[in-house]
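Report on the following structure.
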Amino acid sequence: MEVHRFHVLVLMMLIHINSSQQSSVFPHHVTVIVGRTDNFTLISKVSINSDVEMHFEPQEFVAVLRPLKLDMVSGKGVLHLKGTRETNELLLQPSNCTSSSEDDCRAVQGDFYLRVTVLRSRLVASLVMIVGWSYFTAWSISFYPQIYLNYQRKSVVGLNFDFLLLNIIGFAAYSVYNLFVFFDSSVQVRFVSATLNITLVAHFLR
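Printed below as a string of structure tokens:
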């Protein structure tokens, strides 16, 4: 089972190398607090020859206070968001786009995605992150002391190499999984699309 999972993760890596999904704006992930209004400067990653104004679909988790207007010279625009209900991951979807150039609208709107995390408390979210990475680190180094002791006594009596190999494969697969979920935006987008904004952390933050 561990070997099968590892092969699946390697296949995901190869697929990602060949077809990586990129957002048309940067950054592609923002965080807001419930009840607080935050302003985020978004930069278009595609060249535009006219001003672009984007409207967004209504959401129960976050309110878009005004349309996003991307300036044709700087490519920048300010997005005004107010958190209304906590959620771990939300895809902010544009409902329509207005511009003097239809090509600019298609270029920006076609590859546009913005992930929004709405938190009840930044402090609790930071504690969750610290505990999670502490657990990951502790689990990752847990079998190294035994390896060091075996090296010191120059003996592997009692060491099961099949068990050791399975642990190494499992650790490698687990590491790849964590890295992809945490750092790879395309994997995150696929996960959010599949789970339809299931709030993984929100229940803990209530």
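Numbered according to mature numbering (1 follows the signal peptide of the UniProt record, and there is no 0), the sequence shown spans residues -22 to -1, 1 to 184.
Think of the CB as a built atom: it goes at the ideal place given N, C-alpha and C, for glycine as much as any other residue.
On a predicted model such as this, the values are computed, not experimentally measured, just so you know.
Rounded C-alpha distance that separates residue i from residue j
{"i": "Pro72", "j": "Arg63", "result": "20 Å"}
{"i": "Ala41", "j": "Leu92", "result": "14 Å"}
{"i": "Leu109", "j": "Val30", "result": "Residue identity check: residue 109 is Val in the sequence provided, not Leu. Taking the straight line from one Cα to the other gives about 42 Å."}
{"i": "Leu69", "j": "Phe90", "result": "10 Å"}
Delimiting residues of the alpha helix (DSSP H) encompassing residue i
{"i": "Ile146", "result": "Phe139 to Phe161"}
{"i": "Arg84", "result": "Glu80 to Gly88"}
{"i": "residue 185", "result": "Because the chain in this structure spans residues -22 to 184, residue 185 falls outside the shown range and cannot be described."}
Beta strand (DSSP E) segment containing residue i, residue limits
{"i": "Ser118", "result": "No beta strand (DSSP E) contains Ser118, which is instead part of the alpha helix (DSSP H) from Arg100 to Ser118."}
{"i": "Pro72", "result": "Pro72 to Ser77"}
{"i": "Arg93", "result": "Leu92 to Leu97"}
Heavy atom of the ligand PLP within 7 Å of residue i beta-carbon
{"i": "Val109", "result": "With respect to the ligand PLP, the structure offers nothing, as it holds no ligand at all."}
Beta-carbon proximity list for residue i, same chain, < 6 Å, skipping 5 on both sides
{"i": "Phe4", "result": "Ile21 and Lys23"}
{"i": "Thr76", "result": "Glu31"}
{"i": "Ala85", "result": "Val24"}
{"i": "Ile26", "result": "Met50 and Asp82"}
Residue from the options whose Cα sits closest to the Cα of residue i
{"i": "Val10", "options": "Tyr152, Trp117 and Arg100", "result": "Arg100"}
{"i": "His33", "options": "His6, Ala150, Leu48 and Phe141", "result": "Leu48"}
Contacts around residue i, its chain only, beta-carbon distance under 8 Å, and the 5 residues preceding and following it disregarded
{"i": "Val12", "result": "Gly61, Thr62, Arg63, Glu64, Val96, Leu97 and Arg98"}
* To do: Please go through the segment 27 to 59 and give each complete alpha helix (DSSP H) segment of 4 or more residues, from N-terminal end onward.
  => none
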